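Contents: one structure, followed by commentary.
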Amino acid sequence: MASVPSLASTVQQRLADGLSAALPDAGSADPLLRRSDRADFQANGILALAKQLKGNPRELATKVVEAIPANDVLKEIEVSGPGFLNITVTDRAIVETLAARAADARLGVPFSESAGTTVIDYAQPNVAKEMHVGHLRSAVIGAAMVEILEFTGETVVRRHHIGDWGTQFGMLIQYLIEHPHELDHKAEDGAEVSGEEAMSNLNRLYKASRALFDSDEEFKTRARGRVVDLQAGDEETLALWQRFVDESKIYFYSVFDKLDMDIRDGDVVGESGYNDMLTETCRILEESGVAVRSEGALCVFFDDVKGPDGNPTPLIVQKSDGGFGYAATDLSAIRDRVQNLKATSLLYVVDARQSLHFKMVFETARRAGWLNDEVKAVQLAFGTVLGKDGKPFKTREGETVRLVDLLDEAVDRATAVVREKAEKVGLSETEIVENGQYVGIGAVKYADLSTSAARDYKFDLDQMVSLNGDTSVYLQYAYARIKSIFGKAGDRTPAAHPELELAPAERALGLHLDRFAETVSEAATEYAPHKLTAYLYQLASLYTTFYDQCPVIKPEPAQEVAENRLFLCDLTARTLHQGMALLGIRTPERL
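Just so we're on the same page, our numbering is the position in the sequence shown counted from 1, plus 126.
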């Protein structure tokens with residue numbers, strides 16, 4: 127379907143035509159149109175134009191207004207202050223624009239004209255280690271960006287760069303060789319192994335092998351020898367390493383399933399996936415002069431990165447003993463993603479505390495020519511999850527909070543909230559349990575996504591599952607409320623009536639609905655899912671006001687008014703549903 131113009135783009139065009147008619151010397155000047163609280167829109171471009179043309183801005187503004195012919199889009203244009211234009215659009219223009227959007231399956235959201243291929247690196251747990259609250263944000267923010275970018279037409283390649291390599295595997299593999307049944311399953315042959323059982327096996331084995339490693343020098347020597355075997359590609363050692371990876375995936379996927387996230391096996395390419403490239407990456411960097419040897423290590427230096435002693439702090443690509451650091455793996459991953467996956471953008475959803483590392487890695491990749499004007503790399507850095515006390519989120523015993531415990535508690539709390547209202551709506555026990563999951567997981571995701579990623583945020587379940595305020599539950603209930611209206615509408619159906627005069631609450635709702643496409647575009651180009659959550663919360667708030675002030679069913683309005691209001695209800699529901707889906711949050715039909 128052809129793209130659907132927004133009100134903003136239509137108004138912009140009318141103003142641009144007026145500018146070129148009144149001021150031919152202005153060329154293709156931008157009216158600088160924006161949404162406004164004083165009117166529907168405000169245009170500020172004439173101030174800059176007046177400087178350029180050495181004219182009086184108010185006089186120029188008046189000329190522009192006089193040059194715009196009477197039309198059915200612009201109701202009133204007022205020259206304000208030193209030459210601003212305050213613009214009010216007609217009710218007809220609002221309804222006709224929304225009708226065009228409603229006729230489009232994409233609700234008027236265009237495909238990006240500059241779509242490319244983005245590789246998103248997110249949800250990166252570590253093999254043989256439990257996922258904790260610190261793993262939440264990368265998964266939730268990354269999954270939302272996948273949906274948002276794909277919706278705007280970007281080709282998205284997902285990458286889960288799991289921690290599946292390193293010296294600790296020597297310890298684990300050697301212990302498994304000496305205790306061969308530690309990863310055996312209790313489940314019957316063919317029965318599905320639970321994530322809890324997989325993690326329990328891994329936890330037990332990790333603790334036992336660590337205790338032995340710390341207390342038995344001979345075992346420590348054998349374990350270190352096993353690391354050498356692993357890195358050399360010894361078949362038996364690699365087969366046992368693969369068992370740890372597979373056992374961990376059973377656990378990872380069970381947690382991601384709880385998070386209602388789609389993680390595909392082919393997208394999991396851990397640190398080990400780049401082993402074969404490490405030597406060549408180092409050779410290219412050294413031969414091109416990007417990296418130099420310093421005390422035996424292969425390093426990249428930066429003028430603006432210095433340690434506390436004032437000396438340069440390098441990025442160490444290869445250690446003096448020949449071992450490879452994280453930088454070698456990350457740089458090899460960039461080579462792979464640019465050269466083999468043909469990425470035009472690399473997006474890393476990684477903790478803000480790793481910002482210096484990625485700044486150095488990206489700059490190294492630029493010097494090597496892997497990143498350039500056509501290929502960019504961005505770290506979508508996120509802050510820390512805090513407890514209610516504003517300190518990093520821990521259990522009462524001071525332990526890191528297990529992610530699975532946190533999600534289970536969110537679902538339990540949400541189920542209790544759903545159960546309170548269930549009788550009134552007539553929900554079955556199955557619906558209560560299912561909706562409890564959707565509301566609980568939605569609450570966790572929304573709380574994360576409604577904060578700018580770079581900021582820390584407080585994890586407060588009481589607030590997250592509240593029916594009032596900026597929560598996903600509030601939005602989910604707004605959606606369910608609209609759905610319930612259609613169950614009571616009888617033979618009345620949604621239909622746009624541009625000839626009607628709109629009530630203030632209808633106008634406000636309509637103008638906000640018109641902003642959906644530009645909001646999705648902003649969230650995509652700025653990697654800012656919090657802009658979409660803010661839009662949806664305001665949409666639900668404006669709908670609540672509309673619902674209170676503009677009767678849809680009772681007291682019964684005139685037929686055309688009822689149809690137009692049902693039309694606004696329907697478009698609001700579709701926009702809420704689509705917007706929440708882009709955030710990875712479900713919208714139950716009945717709540």
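Cβ coordinates follow ideal geometry from the N, Cα and C atoms, glycine included. Being a predicted model, the structure only gives us computed values, none of them experimental.
Using only the alpha-carbon positions, how far apart do G595 and T526 sit?
29 Å
Taking Cβ to Cβ, would you say Y332 is nearer than 8 Å to L298?
yes
Beta-carbon proximity check, G562 vs T541, cutoff 8 Å
yes
Hey, P251 and I288: beta-carbon distance below 8 Å or not?
yes
For the candidate residues K432, T659, A349 and R184, whose alpha-carbon lies nearest to that of G705?
T659
Exposure of M127, with buried meaning 16 or more beta-carbon neighbours within 10 Å:
With a pLDDT of 48 at M127, under the threshold of 50, the modelled position of this residue cannot be trusted; read the value that follows with caution. Its Cβ having fewer than 16 others within 10 Å, M127 is exposed.
Between the segment 452-466 and the segment 493-501, can you find at least three pairs of beta-carbon atoms closer than 8 Å?
yes
When you compare only the Cα positions, how much space is there between M257 and Y379?
11 Å
Any idea what DSSP makes of Q155, helix, strand or coil?
Just to set this straight, residue 155 is Ala in the shown sequence, not Gln. If DSSP states are grouped into helix, strand and coil, A155 belongs with coil.
Check whether the Cβ atoms of V511 and L262 lie closer than 8 Å to each other.
yes
L635 and L668: beta carbons closer than 8 Å?
yes
For Q357, which beta-bridge partners are listed by DSSP?
BP columns for Q357 are empty, so no partner.
Is it buried or exposed, N690, if we count other Cβ atoms within 10 angstroms and call 16 or more buried?
buried
Assigned secondary structure, T188 (DSSP; H/G/I helix, E/B strand, else coil):
helix
Keeping to the same chain, check which residues put their C-beta closer than 6 Å to that of D721; ignore five residues upstream and five downstream.
No answer is possible for residue 721: it lies beyond the span of the chain, which begins at 127 and ends at 717.
May I ask you to report which of helix, strand or coil DSSP gives P630?
helix
Using the Cβ count rule (16 or more neighbours within 10 Å means buried), how would you classify F672?
buried
Would you give the residue range spanned by the alpha helix (DSSP H) that F295 belongs to?
Q294 to E304
Quick check: what's the CA-CA separation for G351 versus L709?
47 Å
Would you identify the three-state DSSP class for Y583, choosing helix, strand or coil?
strand
Going by DSSP, what residue range makes up the beta strand (DSSP E) through Y720?
Lying outside 127 to 717, the shown extent of the chain, residue 720 is not represented and no answer is given.
Under 7 Å Cβ to Cβ from L159, same chain only, skipping five residues before and after it: list those, please.
A134, V137, Q138, L141, F167 and A169
Are the segment 239-246 and the segment 464-471 in contact at 8 Å, needing three or more beta carbon pairs?
yes
Go ahead and label R285 buried or exposed: buried means 16 or more other beta carbons lie within 10 angstroms of its beta carbon, across all protein chains shown.
buried
Go ahead and pull the three-state DSSP assignment for D247.
strand
Determine contact between the segment 400-420 and the segment 381-389, defined as no fewer than three beta-carbon pairs at a distance below 8 Å.
no
So if DSSP puts C425 in a beta bridge, which residue, or which two residues, is it bridged to?
V418 and I442
Taking Cβ positions, are V418 and C425 nearer each other than 8 Å?
yes
Return the first residue and the last residue of the beta strand (DSSP E) that L553 is part of.
Per DSSP, L553 belongs to no beta strand (DSSP E) and is neither H nor E.
Going by C-alpha distance, which of I303, Q602, L626 and R336 is nearest L364?
I303
Mind checking which residues open and close the beta strand (DSSP E) that includes S212?
Sequence check: residue 212 is Asn here, not Ser. Residues F210 to V215.
Would you say S132 and T223 are within 8 Å of each other, going by their C-beta atoms?
yes
Pull up the distance between the alpha-carbon of A148 and that of G181, whole angstroms please.
13 Å
Measure the Cβ-Cβ separation of E373 and A324 and say whether it is below 8 Å.
yes
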